[in-house]
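Numbering (our numbering), first residue to last: 44 to 443.
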């Protein structure tokens with residue numbers, strides 16, 4: 044495995060800078076207003092390197108019949124090596140919890156939609172035997188570009204046509220839509236009311252894939268090596284960074300569900316909470332827990348009076364934080380084209396090494412990144428201000 048030791052970036056024209064470029068691939072449409080990088084940012088990031096240095100060498104013995112997971116770097120059966128994952132839009136309004144099947148996702152993205160409510164995109168690798176996943180909710184176009192990164196089959200239940208049709212109707216978008224596949228790729232539960240009772244599962248996805256004629260194995264859009272992982276023999280404790288801060292507790296600052304993560308030193312995982320309690324999977328009772336957590340500050344705009352948002356998935360000018368093993372460092376990120384993975388770099392522009400395990404990625408509105416709060420094990424604030432305690436009323440009916 045190799046990685047460039049320096050992030051090779053080219054300063055582009057403003058119309059292309061917003062979402063990256065790549066002549067071989069179509070790219071995401073920009074929000075209506077462009078945001079120019081400062082000259083300082085451009086000069087800092089427009090560094091190039093034509094030489095590759097040897098990256099991390101995986102010296103951990105791989106058991107017979109197993110391979111490394113692209114999502115977690117954990118050992119999985121080799122039969123899954125070329126199998127496409129599924130990426131499912133998960134309803135995260137309070138009426139839709141607890142969720143089903145979500146503890147089996149290897150990677151989860153969280154991002155706000157209209158009304159400051161968040162929605163989740165859960166990426167599953169070994170999904171055929173999962174009986175129930177959901178509740179499933181409607182598409183927002185910026186989530187599709189994160190699904191592209193995994194060459195995933197995107198599962199959702201409709202969406203605002205004005206903003207999602209252009210991406211969903213692309214020939215290279217393999218998606219299962221409940222508005223046309225309800226009863227085939229999706230089913231309804233009897234214990235909740237519409238729209239919080241739509242689910243999918245492995246057997247249902249297989250029916251939908253068969254009906255749509257999609258490939259179950261990776262397409263030509265697939266890019267190997269999404270994350271840059273270390274292994275279990277050489278865990279990354281971030282001790283190589285003098286700027287690392289203690290991070291036993293963190294909040295991304297979302298207004299409605301007010302989630303937070305707490306570090307458990309005994310197993311080295313971050314446990315997730317929201318709506319004032321543990322975030323659990325209804326099917327097995329497990330609380331969601333992650334080895335890696337990423338806060339990804341991202342440019343956004345409000346599209347209309349209904350509050351629909353646009354997020355700038357393609358970028359090379361913004362930052363964030365990486366959390367693992369009770370520590371955190373400041374990072375930068377880059378996504379250059381639709382199907383290219385988002386890469387994460389430290390402040391010296393070396394690609395960060397994630398630890399094997401599940402990853403949770405919080406997409407944070409960069410204009411609201413000052414709401415991030417990080418504390419050490421004694422409750423002392425190491426980043427940001429005070430924890431959110433706002434009782435501000437949010438129009439939860441704005442979600443469609």
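Glycine is no exception: its CB is placed at the ideal position from the N, C-alpha and C atoms.
Quantities reported herein were computed from a predicted structural model and do not represent experimental measurements.
Is the CB-CB distance between residue 244 and residue 219 below 7 Å? no
Is the stretch 384-398 close to the stretch 262-271, with three or more CB pairs under 8 Å? yes
Exercise. Indicate the three-state DSSP secondary structure (helix, strand or coil) for residue 189 in the structure shown.
Key: helix
Residue range of the alpha helix (DSSP H) that residue 245 falls in? 245-255
With DSSP as the reference, please indicate the residues paired to residue 132 in a beta bridge. 164
(Q) So the candidates are 315, 275, 143; which of them puts its Cα closest to the Cα of residue 99? (A) 275
What do you reckon, are the CB atoms on residue 201 and residue 181 nearer than 7 Å? yes
*Cβ pair count under 8 Å reaching 3, the stretch 206-218 against the stretch 161-168*: no
- Nonlocal neighbours in the same chain, by C-beta distance under 6 Å from residue 291, ignoring five residues either side: 306, 369, 419, 420
Q.
Just to confirm, is the Cβ distance from residue 195 to residue 140 under 7 Å?
A. no
Buried/exposed call for residue 104, threshold 16 Cβ in 10 Å: exposed
State the beta-bridge partners of residue 325 as determined by DSSP. In DSSP, residue 325 forms no bridge with anything.
**Study point:** 7 Å CB neighbourhood of residue 115 in its chain, flanking five on each side removed
**Key:** 149, 399, 400, 401
Check: Under three-state DSSP, which class holds residue 428?
Finding: coil
**Asked** Along the chain, where does the alpha helix (DSSP H) that runs through residue 221 open and close?
**Response** 221-224
Under the three-state reduction of DSSP, which class applies to residue 65: helix, strand or coil?
Annotation note: pLDDT 37 at residue 65 (below 50); position unreliable, coordinate value reported separately. Residue state, collapsed to three classes: coil.
Check your understanding: Can you tell me whether DSSP reads residue 299 as helix, strand or coil?
Key -> coil
- State the DSSP-derived secondary structure class of residue 423, mapped to helix, strand or coil. coil
(request) List the whole-angstrom C-beta distance separating residue 199 from residue 132, where the pair is believed to meet the contact cut-off of C-beta under 8 Å. (result) 4 Å
Exercise for the section: Assess, as a yes-or-no matter, whether the stretch 400-415 is touched by the stretch 332-340 under the definition of 3 or more beta carbon pairs within less than 8 Å. Expected result: yes
Check your understanding: Can you tell me whether residue 121 is buried or exposed, with buried defined as 16 or more other CB within 10 angstroms of its CB?
Key -> exposed
### Run of the beta strand (DSSP E) containing residue 418, from where it starts to where it stops
416-418
Margin query: Assuming contact is defined by CB atoms lying nearer than 7 Å, are residue 18 and residue 322 in contact in what I supplied?
Written below: No answer is possible for residue 18: the residues shown for the chain start at 44 and end at 443.
Problem - Residue burial classification, residue 125 (beta-carbon count within 10 angstroms, cutoff 16) - result: exposed
Looking at C-alpha atoms only, which residue of 351, 355, 347 is the closest neighbour of residue 341? 355
* How big is the Cα-Cα spacing for residue 422 and residue 415? -> 15 Å
* Asked: Relative to the alpha-carbon of residue 123, which residue among 160, 255, 224, 259 has its alpha-carbon at the smallest distance?
  -> 259
Collapsed DSSP secondary structure at residue 337 in the structure displayed:
strand
If distances are taken between C-alpha atoms only, which option among 373, 277, 228, 266 comes closest to residue 253? 228
Check your understanding: Measuring CB to CB, does residue 361 end up less than 7 Å from residue 353?
Key -> no
Original post:
Taking Cβ positions, are residue 19 and residue 287 nearer each other than 7 Å?
Top reply: No answer is possible for residue 19: the residues shown for the chain start at 44 and end at 443.
Item checked: Residues bridged to residue 376 [DSSP beta-bridge criterion] -> 361, 387
Which residue from 285, 147, 385 puts its Cα closest to that of residue 391? 285
Can you name the residues that DSSP bridges to residue 367?
370
Please report the straight-line C-alpha distance between residue 329 and residue 135, rounded to a whole angstrom.
17 Å
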